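The block underneath contains the structure these notes are about, expressed in structure tokens.
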Amino acid sequence: MKQILYIAIIIFIIWASPVYAGTPVGEIGSLTGTVSLSGDEGSQSQINIGDTVHLNDTVTTSSKSTAQINLNDSSILSMKEKSKIYISEFLVSNGTRQSRIEIGYGKVKANIQKMFKGAGTTTEFYTPTAVIGIRGTQLVMEVRKGSTKVYCLEGNIRVTNPDFPDEIINVAAGMATDVLLGQIPSIPSQIPADVLNGLTNGFIPAGISNPKDMVTDKVKSKLPSLPFFP
183 MKQILYIAII IFIIWASPVY AGTPVGEIGS LTGTVSLSGD EGSQSQINIG
233 DTVHLNDTVT TSSKSTAQIN LNDSSILSMK EKSKIYISEF LVSNGTRQSR
283 IEIGYGKVKA NIQKMFKGAG TTTEFYTPTA VIGIRGTQLV MEVRKGSTKV
333 YCLEGNIRVT NPDFPDEIIN VAAGMATDVL LGQIPSIPSQ IPADVLNGLT
383 NGFIPAGISN PKDMVTDKVK SKLPSLPFFP
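Position one of the sequence shown corresponds to residue 183 (this note's numbering), numbered consecutively onward.
What follows is the structure, encoded as structure tokens:
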């Protein structure tokens, strides 16, 4: 009984504690090629599978390189080559999640878990031309100079251009929108079947048949009671 109580206290501390700069928020689940990480202090280093990703870290993939980040809430970020992301906010507490992830450039797929439904839950992605708000869903963001292409693979997302914050476009599963510099998001259009298939399957590392398998045991160990893991 005491052991069960001790484990419960540890889990509560992991999930309810505030997250500050330098606090671990996930780890590298897989990578190919050359992937670098830089922190608040400005230092940059090449990273490997299993390395920890902290709040305020920037992860960058080089040419012909990919990376997968397994976040501590079991969400997954998959980066294609020549991509750059910055984790500026990540807080999980009392059934809510508040996260902000900035994409400087490149192509990133996000598989965001739906388990957090408490009041105040916000998950946002920022690019130079777009703000994407979601709860739990799958989406792909392709960021180029002066434009962001947002593909919704599952669920629903809200997209806006920060220059026009009141012009919000809702994008349903199977639809996509373009957000160009100085313009409001385009009317959503259907994703062609061949493009959708590539977006759905093109981010799973070799040897993985089930996206659930991409979450490492280290991350799973922090979520022992969630139905997501049998």
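We treat Cβ as the ideally placed atom computed from N, Cα and C, and that holds for glycine. Please read these numbers as outputs of a predicted model, since none were measured by experiment.
Margin query: Using the three-state DSSP reduction, which class does Ala375 fall into: helix, strand or coil?
Written below: Numbered from 1 along the sequence shown, position 193 holds the residue referred to as residue 375. Ala375: helix per DSSP, three-state reduction.
Item checked: Helix, strand or coil at Asn230 according to DSSP, with G and I counted as helix -> Your numbering for residue 230 matches position 48 in the sequence shown. The answer is coil: DSSP assigns Asn230 none of H, G, I, E or B.
Note to self: According to DSSP, simplified to helix, strand and coil, what is Gly384?
What the structure shows: For the purposes of this step, residue 384 is identified with residue 202 of the sequence shown, where counting begins at 1. Three-state DSSP puts Gly384 in coil, outside helix and strand.
Note to self: Contact defined as beta carbons within less than 8 Å: I believe Ile269 pairs with Leu237. What is the distance between those atoms, to the nearest angstrom?
What the structure shows: Locating residue 269 in the sequence shown gives position 87, where the first residue counts as 1. Locating residue 237 in the sequence shown gives position 55, where the first residue counts as 1. That belief holds up - the Cβ atoms of Ile269 and Leu237 are roughly 6 Å apart, short of 8 Å.
Notebook entry, point to check: Where does Gln250 fall in DSSP's three states?
Noted result: Here residue 250 is taken as the residue at index 68 of the sequence shown, counted from 1. Note: Gln250 maps to strand in three-state DSSP.
Next item on the list: Can you tell me which of Asp222, Ser368, Lys246 puts its alpha carbon nearest to the alpha carbon of Thr311?
Entry: Reading the sequence shown from its first residue, position 129 is the one you call residue 311. Ranking Asp222, Ser368, Lys246 by Cα distance to Thr311 puts Ser368 first.
Margin query: What does the alpha-carbon distance come out to for the pair Thr242 and Glu349?
Written below: Looking up residue 242 in the sequence shown gives position 60. Looking up residue 349 in the sequence shown gives position 167. Thr242 and Glu349: Cα-Cα distance of roughly 31 Å.
Margin query: Mapping the DSSP letters down to three states, classify Pro347 as helix, strand or coil.
Written below: Your numbering for residue 347 matches position 165 in the sequence shown. Three-state DSSP puts Pro347 in a strand.
Check: Do you know offhand how far Thr414's Cα is from Leu321's?
Finding: A question about residue 414 goes unanswered here, because the residues of the chain that appear run from 183 up to 412.
Next item on the list: Specify the secondary structure class of Ser225 as computed by DSSP and reduced to three states.
Entry: For the purposes of this step, residue 225 is taken as residue 43 along the sequence shown, with counting starting at 1. Three-state result, Ser225: coil.
Notebook entry, point to check: Below 8 Å between beta carbons: does that hold for Gly337 and Ile351?
Noted result: Counting from 1 along the sequence shown, the entry for residue 337 is found at position 155. Counting from 1 along the sequence shown, the entry for residue 351 is found at position 169. Cβ distance not < 8 Å, so Gly337 and Ile351 don't count as in contact.
Next item on the list: Output yes or no for whether 8 Å exceeds the beta carbon distance between Val341 and Thr359.
Entry: Locating residue 341 in the sequence shown gives position 159, counting from the first residue. Locating residue 359 in the sequence shown gives position 177, counting from the first residue. Contact: yes.
Check: First and last residue of the beta strand (DSSP E) that includes Ile316?
Finding: Translated into the one-based positions of the sequence shown, residue 316 becomes position 134. Here the beta strand (DSSP E) through Ile316 covers 313-316.
Check: Which partner residues does Pro206 have in the DSSP bridge list?
Finding: The residue you call residue 206 lines up with position 24 of the sequence shown. Answer is His236.
Notebook entry, point to check: Between the beta-carbon of Tyr333 and the beta-carbon of Leu381, is there less than 8 Å?
Noted result: Stepping through the sequence shown from its first residue, residue 333 is reached at position 151. Stepping through the sequence shown from its first residue, residue 381 is reached at position 199. Yes, the Cβ-Cβ distance between Tyr333 and Leu381 is below 8 Å.
Item checked: Under 8 Å between C-beta atoms of Lys289 and Ser265 -> As a first step, residue 289 is located in the sequence shown; it is residue number 107 there, counting from the start. As a first step, residue 265 is located in the sequence shown; it is residue number 83 there, counting from the start. Contact: yes.
Note to self: Buried or exposed, going by whether 16 or more other CB atoms sit within 10 Å of the CB of Ala249?
What the structure shows: Numbered from 1 along the sequence shown, position 67 holds the residue referred to as residue 249. Ala249 should be labelled buried.
Item checked: Buried or exposed by the 16-neighbour rule on C-beta atoms within 10 Å, applied to Gln228 -> Numbered from its first residue, the sequence shown carries residue 228 at position 46. Exposed, because fewer than 16 other Cβ atoms sit within 10 Å of the Cβ of Gln228.
Next item on the list: Please work out which residues of its chain come closer than 7 Å, Cβ to Cβ, to Pro344, disregarding the five sequence neighbours upstream and downstream, and give them in chain order.
Entry: Sequence index remark: in the sequence shown, residue 344 carries index 162 (1-based). Answer for Pro344: Val313, listed in chain order.
Checklist line | Cβ of Cys334 within 8 Å of any chain D Cβ | finding: This model lacks chain D altogether, as it is built from one protein chain only.
Notebook entry, point to check: Is Ser247 closer than 8 Å to Val217 when the C-beta atoms are compared?
Noted result: Stepping through the sequence shown from its first residue, residue 217 is reached at position 35. Stepping through the sequence shown from its first residue, residue 247 is reached at position 65. Yes; because the gap between Cβ atoms is below 8 Å, this pair is in contact.
Check: How far does the beta strand (DSSP E) with Gly288 in it reach, from first residue to last?
Finding: Position 106 of the sequence shown, counted from the start, is the residue given in the question as residue 288. It spans 278-293 - the beta strand (DSSP E) in which Gly288 sits, taken as one unbroken run.
Check: Between Ile251 and Ile231, is the Cβ-Cβ spacing less than 8 Å?
Finding: Within the sequence shown, residue 251 is the residue found at index 69, counting from 1. Within the sequence shown, residue 231 is the residue found at index 49, counting from 1. Not closer than 8 Å, so no.
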